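Residue numbers for the sequence shown, in the numbering used here: 9 to 466.
Glycine included, C-beta positions come from ideal geometry on N, C-alpha and C.
As the structure is a prediction and not an experimental result, all values here were calculated from the model.
Below is one structure, written out as structure tokens; comments come after it.
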Amino acid sequence: MQLNDSATLAPHSAPAPAPALPLAAIAAIALAFLAPLLLYFGTAKSIVDVWNSSETFAHGYIIAPISLWLIWRRRGNFAALPPSPWWPALGLLAMIGAGWTLARMGDVQVVMQYAFAAMFPVIALAIFGRRLAWSLAFPLLFLLFSVPFGEIFIAPLIEFTADFTVWAVQATGIPVLRNGTRFELPTGSWSVVEACSGVRYLISSVTIGCLYAYLTYRSPLRRAVFVAASIIVPIIANGLRAYMIVMIGHTSNMELATGVDHLIYGWVFFGIVMFLMFWVGSYWRQDTDAEAAAMPAAAAAHAASPARLRNAALAVLAVCALWPAFVAYNAKATYNPRPASLAAVPVSWASTAAFSTWVPSYATPDAGFNGVYRQDGLAPVALTILYYRNQVHGKTLISSTNRLAGEKDDYHDNGSALRTEQVAGRSMVLREARMQGPSGTFLVWHWVSIDGQAITNA
């Protein structure tokens, strides 16, 4: 079926008016769409909390209103394609709920949030049926952009920006001394940090780019090309922005582009790039869908009975309620309220004074241990153990917020790699990171142990 972006479908004749639904059916359908908000309120709140705390994802507030506006533009579809429940969608809804449950057990917030957002399109599929839900596919799937996702790209974007900037500065003929994401020019020092990664530009560009492609083009190929451009252009543009900032600072002897104006230049440059991208894209706009075939009027007799719609809505409610109930029961059965403590670690090396103030930027554990040791004149070794017994929100081992160093910390991760070591007679893969800060540069070996099994992020 070809997606048509006009506000209504274009039938040969006016569609037969759908019979008015009884109040009970309307209430059941409304409650079905409210079910995720009510039953998964904690997940919904976690999304809003990120919107409030991070400017990167503040655009999330306008996603739902845009989605509703897009649906309103196509309100004629409800008359041309009367709702007819598609029962297999309940199985898909159950699978999404199961995914949410597994993510909840490990407190993998982003998976929980995507599962929550994905429930709304699937609920529409279950109640409205395939034809009507498909005609509203983009407005419904656009809700996925409300999920605050993208932090996983910060590290590679930082590396790319640093590589691009150093290469461009060297190509200009200026000598550069690089150390990880920090580099020195004859006029001063620079560092590519999280705010310089361009992740905000990328997320904004992709969100606006998808919406623009949907509203402007009809051809799937043109839409795909423009979305691809909305991914590639901001990444390259951010490298150019960083190079521009460094050159402004260098040529002004570090008097410009080193304070607030640094951010102003960046956003102005990004705005110009976005304007040019949309301006160029407008030359290939398609205001009408030449291939859209006229759709015969849908007879009211083809619409599902109010009883079927009500039953579908009630079935959606039951499936949505299943997983929060299971999680609540499982949490009550496995929660251990006793305080956790770790005994002193038996180490043959002598204790010594701490050589660094660095601590990993992890969620507060149920228990922890810290020690610094030295032997036979070797360099001191610090040991940190964080123990998480009850996986609850805000106190989890597996979380995207657990990092060796936060954005505002005095210490920075200058790169890491996997390595294999022999521990207690067995081979273990761990990650080695190079940390740099006020106390100098040192190596950090870190890994995760779950039920006695060592696990390392690839």
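Item: Report the partner residues of Thr449 according to the DSSP bridge assignment.; Value: Gln444
Item: Looking at the structure shown, is Glu429 part of a helix, part of a strand, or coil, going by DSSP?; Value: strand
Item: Please return the same chain residues whose Cβ sits closer than 7 Å to the Cβ of Leu330, not counting the five positions on each side in sequence.; Value: Gly105
Item: I'd like the list of long-range same chain contacts for Ile71, defined as Cβ closer than 6 Å, with 5 residues on each side in sequence excluded.; Value: Phe153 and Ser154
Item: Let me know the alpha helix (DSSP H) ranges lying completely inside the segment 90 to 131, each 4 residues or longer, listed in chain order.; Value: 97 to 114
Item: Exposed or buried, Gly448, counting other C-beta atoms within 10 Å across all chains shown (16 or more means buried)?; Value: exposed
Item: Who pairs with Ile393 in a beta bridge, going by DSSP?; Value: Phe377
Item: Val456 bridges to which residues according to DSSP?; Value: Ile463
Item: Could you give the distance in angstroms between the alpha-carbon of Arg318 and the alpha-carbon of Thr224?; Value: 37 Å
Item: Around the Cβ of Tyr222, are there at least 16 other Cβ atoms within 10 angstroms (buried) or fewer (exposed)?; Value: buried
Item: Exposed or buried, what is Ser313 when buried is set at 16 or more other beta-carbons lying within 10 Å of its beta-carbon?; Value: exposed
Item: Taking Cβ to Cβ, would you say Met282 is nearer than 8 Å to Ala237?; Value: no
Item: With Phe191 as the anchor, note down where its beta strand (DSSP E) starts and where it stops.; Value: Arg190 to Leu193
Item: Give the range of the beta strand (DSSP E) segment to which Asn246 is assigned.; Value: No beta strand (DSSP E) contains Asn246, which is instead part of the alpha helix (DSSP H) from Pro228 to Thr259.
Item: If you compare alpha carbons, which of Arg434, Val452 and Thr409 is closest to Gly423?; Value: Val452
Item: Just how far apart, CA to CA, sit Ile239 and Thr64?; Value: 16 Å
Item: Distance check for Phe157 and Val207, CA to CA, integer angstroms please.; Value: 10 Å
Item: DSSP on Ala221, reduced to helix/strand/coil?; Value: helix
Item: Does DSSP classify Asp57 as helix, strand or coil?; Value: helix
Item: Give the single residue among Ser356, Trp366, Ala326 and Ala375 whose Cα lies nearest to the Cα of Tyr381.; Value: Ser356
Item: Taking three-plus beta-carbon pairs below 8 Å as touching, is the segment 138 to 146 in contact with the segment 87 to 102?; Value: yes
Item: When the Cα atoms are used, what is the spatial distance from Ile458 to Ile406?; Value: 10 Å
Item: Quick check: the Cα distance between Ala97 and Arg138, rounded to an integer number of angstroms?; Value: 9 Å
Item: In the DSSP assignment, find the unbroken beta strand (DSSP E) run with Leu185 in it and report its ends.; Value: Leu185 to Asn187
Item: Spatial neighbours of Leu394 within its chain, please: C-beta separation below 6 Å, excluding the five flanking residues on both sides.; Value: Tyr370, Pro373 and Gly376
Item: Near Gly196, which residues of its chain fall below 7 Å by C-beta distance, leaving aside the five closest residues on each side in sequence?; Value: Gly257 and Met262
Item: Which residues in the same chain have their Cβ closer than 8 Å to the Cβ of Phe277, if we skip the five residues on either side of it in sequence?; Value: Ala245, Leu248, Arg249 and Met252
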